[in-house]
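Undergrad: Mapping of the sequence shown onto numbering that gives the first Met the number 0: residues 0 to 174, in sequence order. Beta carbons: idealized from backbone N, C-alpha and C, even for Gly.
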Amino acid sequence: MPPGTGQACQVFRLRTTNLLSLVAAVLVVGCVDAPITPEHILPDGQLRSDLSSSQAAFAATPARPVGHAVQVAAVLAAQAAGPLVDAATFPAEAGSVHLHLRADSLLEPRPVTFVWTHGDSREEVPGVLAPTTTLALAASHPLNPDERGRWKVEVFTLAGDEPAQLLLTREFEVL
């Protein structure tokens, strides 16, 4: 203890030192820079030194829409409207087969391709899968008496940046 200082001076000096340390810590924490983002890092993992200090405090990059599951319910019927009877076989005399769809959790209409396949014959028809809470007529295909046999209808997303995805397949037979 230095000469001429008593116990009270030691306590004051200790409290003053602790107070100054606390103030310095608060100032250091209060001066923290913005978080480091991928733009701040070089390919070798080092921080860039050439970034200007005129960056905005907040920056937002557009987020890519996240895909979500959409449940599709389907009915193949000889009826285009009214009470529908889901069927797996159709007489050729029915004239047409109609695909009715309901898309749960779909946020907006989505372009699709309906593919009707019979043997080696394949017909692609553009269409739209719309958000609905009830079954709605989505596509129809005429039936000819000479086209008896196994058929398949598939619904694909429209190919764009990503390959087309199969959303639904239904098989049926024309008698």
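1) Does the Cβ of Ala80 have 16 or more other Cβ atoms within 10 Å, making it buried, or fewer, making it exposed?
2) Measuring only the C-alpha atoms, how far is Val69 from Gly118?
3) Going by DSSP, what residue range makes up the beta strand (DSSP E) through Leu117?
4) Given this structure, state the Cα-to-Cα distance separating Ser48 from Asp160, to the nearest angstrom.
5) Only counting the same chain, and skipping five residues up and downstream in sequence, which positions put a Cβ closer than 6 Å to that of Glu172?
6) State the CB to CB distance for the pair Ala102 and Ala129, rounded to an integer number of angstroms; the pair is presumed to be in contact (CB under 8 Å).
7) Since Trp115 and Glu122 should fall inside the 8 Å C-beta cutoff, what is the C-beta to C-beta distance between them, to a whole number of angstroms?
8) Taking Val74 as part of the beta strand (DSSP E), name the residues at either end of that continuous run.
9) Taking the beta carbon of Ala91 as the centre, do at least 16 other beta carbons fall within 10 Å, making it buried, or is it exposed?
10) Could you pull the DSSP bridge partners for Val127 from this structure?
TA: On the basis of the supplied data:
1) Using a 10 angstroms sphere on the CB of Ala80, the tally of other CB atoms stays under 16, which defines it as exposed.
2) Each residue's Cα considered, the two are about 30 Å apart.
3) Checking the displayed sequence, the identity of residue 117 turns out to be His instead of Leu. Residues Arg109 to His117.
4) Straight through space, the alpha carbons of Asp160 and Ser48 are spaced by roughly 36 Å.
5) Taken in chain order, the residues that qualify are Thr88 and Arg149.
6) Yes, they are in contact, since the Cβ atoms of Ala102 and Ala129 sit about 7 Å apart, within 8 Å.
7) Sure, about 5 Å apart at Cβ, within 8 Å.
8) Per DSSP, Val74 belongs to the beta strand (DSSP E) from Gln70 to Ala76.
9) Ala91 is exposed by the Cβ-count criterion.
10) Partner(s): Pro110.
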